[in-house]
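Student: Protein chains in written order, with this note's numbering: chain W, 2 to 116; chain C, 161 to 274.
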């Protein structure tokens with residue numbers, strides 16, 4: 002079975018450019034999570050969707066960040082305009098359940114470098 | 161607010177040594193769930209174990225074992241007879257009641273040398 006798929010795996014861009022990260026959750030999972038990992042702050046939850054609806058976006062750093070989930074099999078995280086401090090590894094995870102017992106399955110991550 | 165503390169930033173051991181990774185958590189929820197994830201050098205996060213707050217029995221899976229102590233709010237992870245392939249960053253995480261967001265600790269980097 003395919004796991005969580007993220008694209009691109011690596012992205013290098015210049016400050017000010019728009020960046021779009023993509024995620025395909027595991028089929029049948031109804032919860033989707035976007036995380037950011039940096040050395041300084043560790044793993045931070047950015048936003049969480051359940052049944053394609055954003056439930057908690059309190060972790061989204063600022064208005065430059067936006068996330069969408071137009072259907073159950075696709076989500077995007079967009080940064081516009083990007084800044085060097087956005088450089089990080091961005092993980093997408095999905096879970097078959099919305100309740101806390103659910104294991105989260107992580108994608109391989111997108112390593113973003115903003116110059 | 162929930163918090164997970166992994167006080168050990170980095171641990172180095174020689175192969176075949178036993179090693180324990182510490183995890184201390186804080187939560188106001190009476191029902192909660194604790195997790196350990198492994199992040200090998202390749203970068204992906206791999207689920208290892210989930211425990212709920214009502215089950216304090218220790219668990220063993222091969223060379224891995226977990227010690228959950230509610231009295232000290234700790235959920236420690238022991239690797240017996242460590243191997244080079246165990247080298248990774250290990251994260252402890254906590255999920256409270258309500259919905260399934262995870263609060264992660266900062267991680268412990270384990271380096272196992274041959």
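Glycine is no exception: its CB is placed at the ideal position from the N, C-alpha and C atoms.
Does residue 261 of chain C get closer than 7 Å to chain W when you measure Cβ to Cβ?
Tutor: yes
Student: Let me confirm a value: residue 221 of chain C is counted as buried when at least 16 other C-beta atoms fall within 10 Å, else exposed. Which label applies?
Tutor: exposed
Student: Which one or two residues does DSSP pair with residue 269 of chain C in a beta bridge?
Tutor: Residue pairing from DSSP places residue 269 of chain C in a beta bridge opposite C:170, C:249.
Student: Under 7 Å Cβ-Cβ, which residues of chain C neighbour residue 109 of chain W?
Tutor: For a Cβ distance threshold of 7 Å, residue set 203, 204 of chain C lies close to residue 109 of chain W, ordered along the chain.
Student: Going by alpha carbons, who is nearest to residue 82 of chain W out of W:66, W:43, W:8?
Tutor: W:66
Student: Taking the straight line between their C-alpha atoms, what separation do you get for residue 79 of chain W and residue 172 of chain C?
Tutor: Cα-Cα distance, rounded: 38 Å.
Student: Counting only runs of 4+ residues fully inside the stretch 180-240 of chain C, write out the alpha helix (DSSP H) ranges in chain order.
Tutor: Within the stretch 180-240 of chain C, no run of alpha helix (DSSP H) at least 4 residues long lies entirely inside it.
Student: Rank W:43, W:12, W:31, W:28 by C-alpha distance to the C-alpha of residue 269 of chain C and give the top, closest one.
Tutor: W:43
Student: Between which two residues does the beta strand (DSSP E) containing residue 94 of chain W stretch?
Tutor: 89-96
Student: Residue 164 of chain C and residue 254 of chain C: beta carbons closer than 7 Å?
Tutor: yes
Student: Could you check whether the Cβ of residue 266 of chain C sits closer than 7 Å to any Cβ belonging to chain W?
Tutor: yes
Student: From C:213, C:177, C:186, C:206, pick the residue whose C-alpha is nearest to that of residue 5 of chain W; which is it?
Tutor: C:206
Student: Find the residues of chain W that neighbour residue 251 of chain C, judging by a C-beta separation of less than 9 Å, and give them in chain order.
Tutor: 43, 44
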